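Peer 1:
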Amino acid sequence: MPGNIGRQSVVLLDAPLVTGDYNTEVRDWAHATETVVYGCTIDYAAATESKVAKDQTVTTAELFMPRRAPHVTEWQRVRWDGRTWEVDGVPDDTQQSGRLSGQAVRLLEVAG
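Okay, here's the thing in structure tokens:
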């Protein structure tokens with residue numbers, strides 16, 4: 202990762218809310234809006250594999266957004282490295298990260 206600091210790009214996916222079964226609101230990921238963000242730093246953080254009930258792999262990554270990047274919420278997804286990631290929890294506030302840095306976002310992918 203050291204050679205890629207601030208040189209990576211990700212795609213933010215933001216899905217509209219639609220009416221689902223039983224009049225509930227659900228996200229329509231088939232019609233998500235895509236926003237490309239350049240100047241990011243992202244790397245894999247950890248991976249675990251479980252074979253208890255079925256094979257399952259949980260992978261996490263850390264995404265550091267540039268200062269003027271769009272604000273990421275816990276309701277969005279991120280496409281990076283050929284995978285679509287869930288935002289894991291509420292991203293760190295940009296003001297807590299310092300004046301010169303953007304958001305820190307934890308990403309999660311569950312396969313299996």
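With our numbering applied, the sequence shown has no gaps in its numbers, which climb one by one up to 313 at the end.
We put the beta carbon where it would ideally sit given N, CA and C, even for glycine.
Everything numeric in this text was worked out from a predicted model, so none of it was measured.
#1: Kindly indicate the opening and closing residues of the beta strand (DSSP E) around Y239.
#2: Only counting the same chain, and skipping five residues up and downstream in sequence, which positions put a Cβ closer than 7 Å to that of R284?
#3: Are the Cβ atoms of V262 and G303 separated by less than 8 Å?
#4: Identify the continuous beta strand (DSSP E) that holds D215 and give its terminal residues.
#5: Going straight from the alpha carbon of T234 to that of V279, what length do you get?
#6: Quick check: what's the CA-CA separation for E226 versus V219?
#7: Alpha carbon to alpha carbon, how far is C241 from N224?
#8: Buried or exposed for Q257, please, with buried defined as at least 16 other CB atoms from any protein chain shown within 10 angstroms of its CB.
Peer 2: Concretely, from the data shown:
#1: Locating residue 239 in the sequence shown gives position 38, where the first residue counts as 1. Counting along the chain, the beta strand (DSSP E) containing Y239 begins and ends at T234 to S251.
#2: Walking along the sequence shown from the start, residue 284 turns up at place 83. E310, listed in sequence order.
#3: Counted from its first residue, the sequence shown places residue 262 at position 61. Counted from its first residue, the sequence shown places residue 303 at position 102. The question names Val, but residue 262 in the sequence shown is Ala. Against a cut-off of 8 Å, the Cβ pair of G303 and A262 comes out as no contact.
#4: Reading the sequence shown from its first residue, position 14 is the one you call residue 215. First-last of the beta strand (DSSP E) with D215: Q209 to D215.
#5: Here the question's residue 234 lines up with position 33 in the sequence shown. Here the question's residue 279 lines up with position 78 in the sequence shown. Whole-angstrom Cα-Cα distance: 11 Å.
#6: The residue given as residue 226 occupies position 25 in the sequence shown. The residue given as residue 219 occupies position 18 in the sequence shown. Their Cα atoms are separated by approximately 5 Å.
#7: Residue 241 sits at position 40 when you count from the first residue of the sequence shown. Residue 224 sits at position 23 when you count from the first residue of the sequence shown. Taking the straight line from one Cα to the other gives about 38 Å.
#8: By one-based count along the sequence shown, residue 257 stands at place 56. Result: exposed.
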